[in-house]
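Those letters in the sequence shown? Residues 0 to 261, by numbering that gives the first Met the number 0.
C-beta atoms are modelled at their ideal positions from N, C-alpha and C, and glycine is treated no differently.
The structure displayed is predicted, hence computed values, not measured ones.
Here's the structure we're looking at; comments come further down.
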Amino acid sequence: MRDLVYVNTCVFGAEKMHLVPDYIERYKGKIGFEILSMFDLPDFEEELKKCIPLFKSCPISFHGPVFCVEHSAAKGTPEYDESMWHINKTIEYAKILGSTHMTMHLNNCVVEAEAKERMLGNALENYKELEALFGDFGCKIFVENTGTKLQKNVLLNQDEFTELCINKGFDVLIDVGHAFANNWDIPELIKNLKGQIRAYHLHNNDGIHDSHSRLFEGNMDMAYILKCIQEMTPEAELIIEYTRKDKEGDGLREDIEKILNL
């Protein structure tokens, strides 16, 4: 059985952060949270502050800001400056809550073929800067596979992502939903990066759209993927990362319990 499961706060959004205490109480000692930085939303920081005492009672990590942030932008550009504002806000609360890691997207924007190498070069420079900033208080950077073919924001294909992570020695977070939407061979991906995979984002989709659906609501064989994860990377963190559709939270509780019972 699993001792711990993480939930990304995108499940709640800023308007439902008040539900966090219910989950901490229900799953005492068995739940942690990956806080999605959403400082672009007017109520997010206020709600986060209210939850600080609760979050201090369980393991916490941060998902780096996504909206209004572009880590493939060059230093000195407005996009870079805005990204770093969001990063510095994240650092402020990651320090307070003792975050163990921050998940980083190398890019979020559309990738034009002629801009790919430049974007990757900028992203790697920005990775080094974030690694130093977060490393100052013991918080690691996990690099996530991101983008989908449909959205045209895939910076690296499976082979390129694997090679880069190995060559750079990255701590890796595998988002199985992104991988599935891009038709990646997920067991092969896990096999090749198993020594560096620290965590997984778990959600499902139809194999095309990045819908962040519930674990077993989609075309991915999640039971098989979880079996591969358990066999090859049993120590990796499992993070539920979807937007809950049901108001009462029964679906989230059901999925938490399925992960804990693996």
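{"Query": "Under 8 Å between C-beta atoms of Glu33 and Ile258", "Result": "no"}
{"Query": "Proximity below 8 Å, CB of Tyr92 to CB of Leu47", "Result": "yes"}
{"Query": "Any 3 or more C-beta pairs closer than 8 Å across the stretch 97–112 and the stretch 43–62", "Result": "yes"}
{"Query": "Every unbroken beta strand (DSSP E) within the stretch 59–137, with a cutoff of 3 residues, ordered by chain", "Result": "59–62 and 100–104"}
{"Query": "Residue nearest to Leu264 in terms of C-alpha spacing, selected from Lys88, Tyr22, Met83 and Asn182", "Result": "The chain is shown only over 0 to 261; residue 264 falls outside these bounds and no answer can be derived."}
{"Query": "Sequence-distant residues of the same chain with beta carbon closer than 7 Å to Glu216, five excluded per side", "Result": "Asn203"}
{"Query": "Residues sharing a beta bridge with Ile34, DSSP", "Result": "Phe61"}
{"Query": "Proximal residues to Val65 (C-beta, below 7 Å), its chain only, five neighbours per side dropped", "Result": "His104 and Asn107"}
{"Query": "Close Cβ partners of Cys164 (< 8 Å) along its chain, the five nearest in sequence each way excluded", "Result": "Val142, Val171, Leu192 and Gln195"}
{"Query": "DSSP beta-bridge partners of Ala198", "Result": "Leu172 and Glu236"}
{"Query": "Closest by C-alpha distance to Leu40, when choosing among Lys88, Phe169, Arg25 and Asp158", "Result": "Lys88"}
{"Query": "Three-state secondary structure assigned by DSSP to Tyr223", "Result": "helix"}
{"Query": "Tyr26 - DSSP class collapsed to helix/strand/coil", "Result": "coil"}
{"Query": "Test item: CB-CB of Ala72 and Ser82 under 8 Å", "Result": "yes"}
{"Query": "Close Cβ partners of Met16 (< 8 Å) along its chain, the five nearest in sequence each way excluded", "Result": "Thr8, Glu46, Leu47, Lys49 and Cys50"}
{"Query": "Rounded C-alpha distance that separates Glu256 from Asn156", "Result": "33 Å"}
{"Query": "Terminal residues of the alpha helix (DSSP H) in which Lys139 lies", "Result": "Here Lys139 belongs to no alpha helix (DSSP H); instead the beta strand (DSSP E) covers Lys139 to Glu143."}
{"Query": "Three-way DSSP call (helix, strand, coil) for Val19 in this model", "Result": "helix"}
{"Query": "Gly176 vs Asp205 beta-carbon contact at 8 Å", "Result": "no"}
{"Query": "Buried or exposed by the 16-neighbour rule on C-beta atoms within 10 Å, applied to Phe133", "Result": "buried"}
{"Query": "Reduced DSSP category for Val4 - H, G, I as helix; E, B as strand; rest coil", "Result": "strand"}
{"Query": "Phe166, buried or exposed, once every other Cβ within 10 Å from all chains shown has been counted against 16", "Result": "The residue you asked about is not Phe; residue 166 is Asn in the sequence shown. The residue is exposed, with fewer than 16 neighbouring Cβ atoms inside 10 Å."}
{"Query": "CA nearest to the CA of Ile185, picked from Ile86, Glu113 and Lys226", "Result": "Lys226"}
{"Query": "Contact under 8 Å by Cβ, Ile140 with Glu130", "Result": "yes"}
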